[in-house]
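Residue numbers for the sequence shown follow the numbering used here, so the first one is 47 and each next one is one higher. Don't be surprised by glycine CBs; every beta carbon is placed ideally from N, CA and C. Read the structure below first, then the notes.
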Amino acid sequence: MTNSDSLRSRFGKSDADRVYQLAHSSTPTRLSLQIKHALEIIELAIVRFGVDGLSISFNGGKDSALYRNASISASSEPDSNLKISGLYIRCQSPFAEVDEFVNQCQEIYNIDLMTVDNSLKNGLSAFLAERPSIQAILIGTRATDPNGGSLTDFDPTDSDWPSIIRVHPILDWDYAHIWEFLQKLEVDWCKLYNSGYTSLGSSFNTFKNPLLKTDDGWKAAWELSDGRNEREGRM
C-alpha cells in the first residue's frame, strides 16, 4: 500500500503501462473491465476536447485518486513535461492531511492545479474564467453517490451553472473495486484512510467510520465489509 507518508517521487510511463496492462489482461476480471471502460471514456474525452480542453476535479479523496491515476495514464506521456489542468475546490475546514496530499500530488502527477476556496458553483466559475480553454472536467462521482444515479458518462452542467461537460469515468465502480484498484496498482492515497476514515469531507462533519472501530484502535478503510456503509462517518 501507499499513502502520503511515503509517496512515489513521480508518476512515470511504467506506472501508466501497469494501468493499461491490467485493463487489457488476457484473463479479464470485473476490475480489468472497469478499468478498460474508464480508460475508454477518458480517451474519448481527449479525442473530443483535447488535452488542453480537458481538466480533472481533484479533492484528495479515494475516487479522485483513482481517476487521477487513470487520467494521467491516458492523457499524456507521463514522463514528459506536459501538464493536465486540475481544479481543487477546498471545502470549509478541510483536513490538513488532505491539503498536504493534494499539494504533493501536484508534483507527483504533474498537475497544473488551481485551488479555490469557494462553493462548487462559484469555484467552477472562477476556474473557467481563469482557464477559458477548458471544455470538460473529469469527476469521480459514482452511481451510488448522492445524486449519482441519473448521471451518464458525459453530462453538460445544468443551465444555471457555468457551462462545461462533466465526464464520469467511474460511474459503475463500487467501493470494494476502488480499493482493489488503488492497492493492486499501488496508487497513492491520503493517509486518513489508514485509520478509520472511509469518506472524506469537511473536518466539521466527517468522522471515522464507527463500523471500523476495534478494541485497540481503528481498521483501515479497505477493511469495511459492506461498501454501502461507506458514508457512515459523514454527518
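Quiz prompt | With 16 other Cβ atoms within 10 Å as the buried cut-off, status of Glu232 | solution = exposed
Quiz item: Can you tell which of Gly96, Ile180 and Val213 has the C-alpha that lies nearest to the C-alpha of Ala189?
Solution: Val213
Self-check item: Cut-off 8 Å between Cβ atoms - residues of its own chain near Leu217, not counting five sequence neighbours on either side
Solution: Taken in chain order, the residues that qualify are Thr187, Arg188, Ala189, Gly194, Leu197, Thr198 and Asp199.
Quiz item: Straight-line CA distance for Met47 to Gln229?
Solution: Caution is warranted here: a pLDDT of 45 is assigned to Met47, below 50, making its placement in the model unreliable, and the coordinate value is therefore given only provisionally. Using only the alpha carbons, I get a separation of about 6 Å.
Practice problem: Report the three-state DSSP secondary structure of Leu128 (helix, strand or coil). | Solution: coil
Practice problem: Using the DSSP secondary-structure output, state which residues sit across from Gly263 in a beta bridge. | Solution: Thr260
Exercise. Below 7 Å CB to CB, which residues in the same chain sit around Ile224 once its five sequence neighbours on both sides are set aside?
Key: By the criterion of a C-beta distance shorter than 7 Å, Ile224 is surrounded in its chain by Lys108, Asp109 and Leu112, once the five residues flanking it on both sides are discounted.
Quiz item: Does DSSP put Ser245 in a helix, a strand or coil?
Solution: coil
Quiz item: Where does Ser50 sit, in a helix, a strand or coil, going by DSSP?
Solution: Any reading at Ser50 needs caution, since the residue's pLDDT is 45, under 50, leaving its predicted position unreliable; the model's value is listed next. It is coil, neither helix nor strand.
Practice problem: On a CA-only basis, which of Val162, Asp61 and Asp220 is nearest Asp272? Give me that one, please. | Solution: Asp220
Self-check item: Minimum length 3: unbroken beta strand (DSSP E) runs contained in the stretch 62 to 133
Solution: 100 to 103
Quiz item: So, helix, strand or coil for Lys189, using DSSP?
Solution: Correcting the residue identity first, residue 189 is Ala in this sequence and not Lys. It is coil, neither helix nor strand.
Quiz prompt | Cβ separation of Ala69 and Ile87, assumed to be a contact under 8 Å, to the nearest whole Å | solution = At roughly 12 Å, the Cβ-Cβ gap does not stay under 8 Å, so Ala69 and Ile87 are not in contact.
Practice problem: Using 10 angstroms around the beta-carbon of Arg76, count the other beta-carbons present and answer buried if the total reaches 16, otherwise exposed. | Solution: By the 10 Å Cβ count, Arg76 comes out exposed.
Quiz item: If we call anything under 8 Å between Cβ atoms a contact, is Ile157 one with Ala120?
Solution: no
Exercise. Name the one or two DSSP bridge partners that Leu159 has.
Key: Under the DSSP definition of a beta bridge, Leu159 partners with Gly132.
Quiz item: Quick one, which of Ile185, Ser165, Phe141 and Ile102 has its alpha-carbon nearest Gln152's?
Solution: The shortest Cα separation from Gln152 among Ile185, Ser165, Phe141 and Ile102 belongs to Ile102.
Practice problem: Return yes when the Cβ of Gly242 is within less than 8 Å of the Cβ of Trp264, no when it is not. | Solution: In this structure, Gly242 lies closer than 8 Å to Trp264 by Cβ.
Quiz item: Just the Cα atoms here: how many angstroms apart are Gln67 and Asn255?
Solution: 34 Å
Quiz item: When DSSP builds the beta bridges, which residues end up paired with Ile183?
Solution: Ser101 and Arg212
Quiz item: How many Å lie between Leu170 and Phe104 at the Cα?
Solution: 12 Å
Quiz item: With DSSP run on the structure shown, which of helix, strand or coil describes Asp234?
Solution: In this structure, Asp234 counts as coil in the three-state DSSP scheme.
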